[in-house]
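Here is the structure we will look at.
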Amino acid sequence: MERTAIIGIGMTKQERRKESETFSDMVFEAVTKALNDAEMTIKDIDNIVTGCNDFWDGRTISSMAVGDASGAWDKNISCVEGDGTFVALYGLTRILSGSYRATLITAHSKGSESISSLITNAMFDPIYTRPLGLDAITSSALQAKCYMDKYGITEEQCAMVSVKNHRNAKNNPYSQLPMDLSVKDVLNSRRLADPIKLLDASPITDGACAIILADEGMAKRFSKHPVWIRGVGFCADAYHLGDRDLAECKSLEKAAKTAYRMAGIENPFKEIDVAEIYDAFSYQELMWSEGLGFCEKGEGGKLVESGKTEMGGSMPINPSGGCLSAHAVIAAGLIRIAEAVLQVRGGAGKRQIPDVKTGLAHGINGPCGQSHCVWILGE
Amino acid sequence: MSEKEMELLTKGSGEAEQPFRYSVGRWGSKFLIELRDHKKLLGIRCPKCQKVYVPPRQVCSPCFQRMEELVELSDKGTLMAFTIIRFSFIDPETGITRPVPYGYGFIKLDGCDNSFQHFINIEDESKVKIGARVQAVFSEERKGNLMDIKYFEMIDD
Ligand SMILES: [Zn+2]
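First to last, the sequence lines map onto chains A and B. First residue of the first sequence: 1, per the working numbering; consecutive thereafter. First residue of the second sequence: 380, per the working numbering; consecutive thereafter.
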């Protein structure tokens with residue numbers, strides 16, 4: 001693969017409700033920060049890919065509504081309706097095509113403006129699944145049940161993820177829910193859909209993120225600290241939940257393998273210094289850790305118990321606080337990439353892990369991690 | 380004027396909806412009509428891998444193969460996964476909050492290779508377990524939609 005780098009990142013603070021900003025205002029803030037970070041002006045950008053979802057934005061061709069804020073006037077702009085990791089993947093392929101040199105990627109959503117359960121219900125088949133009222137929480141509860149039952153994962157182990165990530169969020173000024181919690185607090189929180197309780201679930205969030213991708217020449221010209229894209233992998237599972245084995249995440253295993261092969265990684269647990277992964281629910285961090293090969297199948301619970309995924313552990317996961325502490329849908333995966341970039345640069349402030357050479361960022365799309373995208377970033 | 384003092388407005392989306400009339404399609408119509416008229420569940424078999432899917436659809440995804448052979452399935456099956464919903468939720472069909480708690484399950488019908496999603500009867504929660512045997516309970520008045528099955532109930536079998 002030609003060398004491509006991330007040379008700028010910017011994000012808004014993630015909050016429950018940003019009353020004074022429209023979604024395009026949020027995008028403008030993130031884009032301005034990313035350009036400043038890259039020491040670029042909008043003139044240096046030759047194309048834009050936005051991450052927009054018409055349902056979350058409440059209008060069709062929502063991408064066009066963030067054109068001004070993304071500096072797209074008189075430029076080539078395209079859109080991905082999905083998680084930010086997939087938006088960035090499209091941006092990367094545009095650079096690799098040789099047609100573009102500097103791509104601005106944006107992603108945003110305002111969870112506060114709609115009824116989340118109705119929007120996530122709308123991702124399902126309208127004839128056979130939607131009438132049952134299935135949404136992100138209830139479908140994930142079904143997956144959690146399958147996974148926990150098959151591998152003997154306990155509710156306590158899931159709760160430990162929530163405790164860790166909310167504690168990590170205390171070091172992240174952009175996160176929404178920094179909290180000191182105990183395992184007991186999580187276990188005693190309101191039951192939503194068994195086995196998922198309120199504190200096992202990510203919050204409703206408003207937020208935006210932007211990153212700038214550049215080819216080698218542009219990266220060297222503009223950036224003193226480019227973060228190189230060493231590998232990317234992406235794979236999708238079946239759409240119908242009933243066609244899948246929900247206790248497994250085969251599409252993640254495949255996406256991770258592709259990304260590791262590209263990056264020349266043989267032992268991910270040893271060779272990756274920090275991981276930002278998409279923990280929409282606490283059980284997901286355990287399940288995705290297994291899919292990413294950080295531990296054996298069914299050992300995700302033991303991994304969190306061992307303390308290795310804590311800030312001071314050998315494989316810190318989600319020092320930012322993860323999605324459990326702030327979950328702006330669509331933006332969330334791009335935020336994982338931006339956080340991994342900060343870690344590789346050594347610029348993550350109080351949440352910095354020492355001596356990061358290789359970082360991993362992960363995003364999901366579709367119900368119960370239907371598709372996964374894995375990024376390996378390095379110095 | 381500081382941000383805190385400033386009055387900030389919002390605008391509702393209005394009362395008009397975006398109504399759709401989704402085509403159920405050839406295979407879906409056969410499935411729902413059989414359910415309505417004969418209380419029978421139909422699956423469809425892939426000619427290549429022999430897997431049977433419910434509800435019937437055109438394409439076997441792993442084989443990328445057109446399917447045409449309908450097969451009758453049992454109304455009994457095995458509970459593969461379930462959850463009990465305890466938070467109040469707006470019913471997308473009616474717009475009214477549905478009373479909680481209630482149960483969803485993934486049911487692998489006998490003779491079928493994938494799982495079917497529906498409500499499960501959770502009256503006796505102690506019997507609701509992965510691997511439990513279940514049977515469909517049909518609605519008295521059936522209209523050719525998914526709710527022609529009321530729910531699946533736990534059976535001793
Ligand atoms: Zn087949």
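Every residue, glycine too, gets a C-beta built ideally from N, C-alpha and C. Remember, predicted model here, so these are calculated numbers, not experimental data.
Buried or exposed (CB count within 10 angstroms, at least 16 for buried), residue i
{"i": "B:F443", "result": "exposed"}
{"i": "B:V516", "result": "exposed"}
{"i": "A:K357", "result": "exposed"}
{"i": "A:N365", "result": "buried"}
{"i": "A:N36", "result": "exposed"}
{"i": "B:P441", "result": "exposed"}
{"i": "A:C368", "result": "buried"}
{"i": "B:L411", "result": "buried"}
{"i": "A:N267", "result": "exposed"}
{"i": "B:Y401", "result": "exposed"}
{"i": "A:R59", "result": "exposed"}
{"i": "B:H417", "result": "exposed"}
{"i": "B:L387", "result": "exposed"}
{"i": "B:R405", "result": "exposed"}
{"i": "A:P354", "result": "exposed"}
{"i": "A:E15", "result": "buried"}
Contact under 8 Å by Cβ, residue i with residue j
{"i": "B:V433", "j": "B:L452", "result": "yes"}
{"i": "A:S202", "j": "A:F124", "result": "no"}
{"i": "A:I77", "j": "A:L213", "result": "no"}
{"i": "A:H108", "j": "A:A331", "result": "yes"}
{"i": "B:M446", "j": "B:R415", "result": "no"}
{"i": "A:G300", "j": "A:E310", "result": "no"}
{"i": "A:A102", "j": "A:M11", "result": "no"}
{"i": "A:G347", "j": "A:N172", "result": "no"}
{"i": "B:P426", "j": "B:E448", "result": "yes"}
{"i": "A:V163", "j": "A:L181", "result": "yes"}
{"i": "A:A208", "j": "A:S325", "result": "no"}
{"i": "B:P398", "j": "A:R130", "result": "no"}
{"i": "A:G84", "j": "A:I337", "result": "yes"}
{"i": "B:D454", "j": "B:Q514", "result": "yes"}
{"i": "A:L286", "j": "A:Q157", "result": "yes"}
{"i": "A:E271", "j": "A:E339", "result": "no"}
{"i": "B:G482", "j": "B:I499", "result": "yes"}
{"i": "B:C491", "j": "B:V403", "result": "no"}
Cβ neighbours of residue i in the same chain (closer than 7 Å, five flanking residues each side left out)
{"i": "A:R17", "result": "S112 and D206"}
{"i": "A:A193", "result": "I137, T138 and A141"}
{"i": "A:E253", "result": "G291"}
{"i": "A:R351", "result": "N168, N171, N172, P319 and S320"}
{"i": "B:K419", "result": "E413 and E451"}
Cβ neighbours of residue i in the same chain (closer than 6 Å, five flanking residues each side left out)
{"i": "A:A69", "result": "S24, V27 and F28"}
{"i": "A:D237", "result": "R244, S251 and Q370"}
{"i": "A:S114", "result": "none"}
{"i": "A:G380", "result": "Nothing in the structure corresponds to residue 380 of chain A, since chain A is present only between 1 and 379."}
{"i": "A:P226", "result": "A5, I7 and A219"}
{"i": "A:M179", "result": "H166"}
8 Å contact criterion, which residue i and residue j should meet: CB distance rounded
{"i": "A:Y174", "j": "A:Q370", "result": "Contact doesn't hold; Cβ gap of about 27 Å is too wide."}
{"i": "A:V341", "j": "A:A256", "result": "A:V341 to A:A256, Cβ: 19 Å. No contact."}
{"i": "A:D215", "j": "A:I95", "result": "5 Å"}
{"i": "A:G242", "j": "B:S494", "result": "4 Å"}
{"i": "A:V87", "j": "A:V304", "result": "With 8 Å as the limit, A:V87 and A:V304 do not qualify as a contact, their Cβ atoms being about 29 Å apart."}
{"i": "A:G333", "j": "A:G363", "result": "3 Å"}
{"i": "A:S189", "j": "A:L177", "result": "Contact doesn't hold; Cβ gap of about 13 Å is too wide."}
{"i": "A:P126", "j": "A:E155", "result": "With 8 Å as the limit, A:P126 and A:E155 do not qualify as a contact, their Cβ atoms being about 33 Å apart."}
{"i": "A:I153", "j": "A:Y283", "result": "7 Å"}
{"i": "A:Y100", "j": "B:L525", "result": "In fact, because the Cβ distance is near 46 Å, the residues do not count as touching under 8 Å."}
{"i": "B:L488", "j": "B:G456", "result": "4 Å"}
{"i": "A:M315", "j": "A:F294", "result": "6 Å"}
{"i": "A:E105", "j": "A:I211", "result": "It is Ile, not Glu, that sits at residue 105 of chain A in the sequence shown. Indeed, because the Cβ distance is near 5 Å, the residues count as touching under 8 Å."}
Contacts around residue i, its chain only, beta-carbon distance under 8 Å, and the 5 residues preceding and following it disregarded
{"i": "B:V479", "result": "I464, R465, F466, S467 and F468"}
{"i": "A:Y90", "result": "V49, S78 and V80"}
{"i": "B:A460", "result": "G484, F485, S494 and I509"}
{"i": "A:L92", "result": "T4, T103, L213, I229 and V232"}
Residue i Cβ short of 7 Å to ligand 2 heavy atom set
{"i": "B:C491", "result": "By its list of ligands, the structure shown excludes ligand 2, since it contains just ligand 1."}
Ignoring anything shorter than 4 residues, give me the alpha helix (DSSP H) runs that lie fully in the region 193 to 249 of chain A, in order along the chain. 216 to 222
If you scan the region 255 to 285 of chain A from start to end, which runs of the alpha helix (DSSP H) of 4 or more residues do you find wholly inside it? 268 to 271
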